[in-house]
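Residue numbers (UniProt numbering): 1 to 136.
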């Protein structure tokens with residue numbers, strides 16, 4: 001088991017805040033995606049013209065959001081790599097989504113925004129973790 005990364009009290013506060021936000025974001029992602037995938041028909045209707053692979057991707061990614069948040073909370077070095085992987089995978093999902101949209105698939109504009117926010121959120125976390133540790 002690797003030792004936690006040492007950090008000051010002030011940096012510890014923002015790290016704990018980011019970790020809690022990542023965990024909450026993951027749990028909300030699991031709830032919302034799970035509701036569309038496994039919930040009542042009303043949930044699918046409210047989702048509108050959703051793209052199934054994006055909902056599945058986001059739902060599965062929610063587990064990794066929670067895991068990354070736990071790693072960030074514990075100060076584990078692997079949290080950087082997982083955060084970077086989440087950002088890159090989300091960017092790839094957005095690219096595939098964009099190709100489907102260009103081919104005429106129905107979609108919701110909020111999906112565009114959600115993918116951009118998710119990609120940006122995890123890219124910023126990875127960048128901050130990299131700056132904090134000075135190494136991947």
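Idealized CB from N, CA, C, for every residue including glycine.
- Short of 6 Å from the beta carbon of residue 91, and not among the five residues preceding or following it, lie these beta carbons of its own chain, in chain order: 119.
- Our two residues, residue 79 and residue 116, have alpha carbons roughly 21 Å apart in a direct line.
- Only residues of its own chain outside the window of five on either side were considered, and among them 49 have a CB closer than 7 Å to the CB of residue 106, listed in chain order.
- Across the set 74, 122, 35 and 73, the C-alpha of 35 shows the shortest separation from the C-alpha of residue 55.
- For residue 91, the uninterrupted alpha helix (DSSP H) segment begins and ends at 78-102.
- The C-beta of residue 72 has 16 or more other C-beta atoms within 10 Å across all chains shown, which makes the residue buried.
- Between residue 121 and residue 111, the C-beta gap is not smaller than 8 Å, which leaves the two residues out of contact.
- Secondary structure of residue 52 (DSSP, three-state): helix.
- Exclusion of the five residues before and after residue 30 leaves 59, 62, 63 and 66 as the residues of its chain whose Cβ lies within less than 8 Å of its Cβ.
- If you check the CB distance, residue 46 and residue 83 do not come in under 8 Å.
- Approximately 13 Å separates the beta-carbon atoms of residue 24 and residue 125; this is outside 8 Å, ruling out the contact.
- In terms of Cα proximity to residue 52, the closest of 113, 15 and 93 is 93.
- For the pair residue 69 and residue 26, the CB atoms are nearer than the 8 Å cut-off.
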